[in-house]
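As given, the protein sequences belong to chains A and B, one line each in that order. Under the working numbering, the residue at position 8 of the first sequence is numbered 8, and the numbers go up by one with no gaps. Under the working numbering, the residue at position 62 of the second sequence is numbered 62, and the numbers go up by one with no gaps.
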Amino acid sequence: MTDQPITFQVVAESLLKDMLENIVRQHTLVNIANRISIQKTVGSANGSSFSNTLVGSNRDIFGQDKQKLKSTETARYFQCENCSRKIAGARFAQHISKCLERRKR
Amino acid sequence: MAKHEDELDQIKSQIQEHLVSSGNYDAINKQLKLQLYEAGWFDKMSQIANRELLENEGTRNFDQLYAFMKPKAEELVPAKVKEDILEKIKAYLNDIIE
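Shown next, in the form of structure tokens:
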């Protein structure tokens with residue numbers, strides 16, 4: 001390795017590297033502190049309860065399967081307070097707006 | 001080699017002192033952080049750190065995680081951000097030398 005002459009570029013790069021190192025250090029510390037505080041709050045020893053927070057996970061923050069949750073919500077029947085008919089969750093919003101409109105008329 | 005590094009360290013520490021006392025260090029550091037936030041660098045770093053902590057639950061201390069993150073952190077800094085900040089530092093160096 002040959003010595004580079006000390007130029008603006010060399011000094012600037014070295015200063016930038018120092019700044020970045022400080023930021024990485026702070027960020028690493030924040031990540032570790034967050035992890036410890038979450039573990040203390042939730043009390044999980046193996047961290048399995050956090051797996052759902054990873055990107056691409058199929059679970060919500062409560063650990064419930066998103067897909068399953070969606071299908072159970074849409075398959076559930078709710079009673080319309082206006083006409084007393086039982087309407088599927090997926091069509092409830094559409095129904096209630098029409099049903100209330102009908103009532104107004 | 002060591003002499004060269006000593007010389008660079010000396011120059012750097014003088015410049016750093018001036019940078020901090022003039023308030024420029026804070027301004028450049030803030031700009032660097034802002035640009036990194038905007039580029040999603042902090043989010044990527046958090047994801048990498050969380051994954052590493054999850055995979056090695058309870059066994060990673062600060063030094064180990066820092067050593068793991070450092071090369072990745074430098075690699076993930078967008079070239080545009082690097083260029084902008086280097087320009088800013090060089091402009092500052094130009095000013096103080098004049």
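Yeah, the Cβ is synthetic: ideal placement off N, Cα and C, and Gly gets one too. Small disclaimer: the values here were computed from a predicted structure and weren't measured.
Close-in-space but distant-in-sequence residues of the same chain around residue i (CB under 6 Å, 5 per side omitted)
i            : result
residue 47/A : With a pLDDT of only 48 at residue 47/A, under 50, the local geometry of the prediction cannot be trusted, and the value read off the model is given with reservation. Once the five neighbours on either side are set aside, residue 47/A has no close Cβ partner at all.
residue 13/A : none
Chain-ordered neighbours of residue i on chain B, where CB pairs are closer than 7 Å
i            : result
residue 12/A : 86, 89, 90 and 93
residue 8/A  : 90 and 93
Secondary structure of residue i, DSSP reduced to three states
i            : result
residue 67/A : helix
residue 6/A  : coil
residue 60/B : coil
residue 59/A : strand
residue 7/B  : helix
residue 90/A : helix
Residue i: contacting residues in chain A (beta-carbon distance under 9 Å)
i            : result
residue 24/B : By Cβ distance, chain A contributes nothing, its closest Cβ being about 11 Å from residue 24/B, past 9 Å.
residue 46/B : 27, 30, 31 and 34
residue 15/B : 11 and 15
Contact set between residue i and chain A, taken where Cβ atoms lie within less than 8 Å
i            : result
residue 34/B : Going along chain A, no residue has its Cβ under 8 Å from residue 34/B, so there is no contact; the nearest lies around 11 Å.
residue 66/B : 24, 25 and 28
residue 70/B : 21 and 24
Cα-Cα separation, residue i to residue j
i             : j            : result
residue 59/A  : residue 50/B : 17 Å
residue 19/B  : residue 36/B : 21 Å
residue 84/A  : residue 43/B : 49 Å
residue 18/A  : residue 12/B : 10 Å
residue 36/A  : residue 53/B : 10 Å
residue 102/A : residue 80/A : 13 Å
Amino acids of chain B, ordered along the chain, whose beta-carbon sits closer than 8 Å to that of residue i
i            : result
residue 20/A : 32, 73, 74 and 77
Closer than 7 Å at the beta carbon, the chain A residues around residue i
i            : result
residue 49/B : 28 and 31
residue 12/B : 11, 14 and 15
residue 7/B  : 6
Same chain only: Cβ atoms within 8 Å of residue i, ignoring 5 sequence neighbours per side
i             : result
residue 67/A  : 58
residue 96/B  : 15 and 18
residue 100/A : 82
Interface partners of residue i on chain B, CB under 9 Å
i            : result
residue 69/A : None at all; the shortest Cβ gap to chain B is about 23 Å.
Sequence-distant residues of the same chain with beta carbon closer than 7 Å to residue i, five excluded per side
i            : result
residue 24/B : 92
residue 25/A : none
*asked:* Quick test of the definition: if touching needs 3 or more C-beta pairs under 8 Å, does the segment 77 to 86 of chain B touch the segment 23 to 42 of chain A?
replied: Short answer: they don't touch.
*Could you tell me whether the segment 64 to 76 of chain A touches the segment 86 to 95 of chain B, where touching means 3 or more Cβ pairs closer than 8 Å?*
Counting Cβ pairs under 8 Å, fewer than three are found: no touch.
_With three or more C-beta pairs closer than 8 Å as the rule, is the segment 57 to 67 of chain B touching the segment 15 to 35 of chain A?_
Touching, per the Cβ criterion.
*Would you check if there are 3 or more beta carbon pairs closer than 8 Å linking the segment 79 to 92 of chain A to the segment 4 to 15 of chain B?*
Segments in contact, no.
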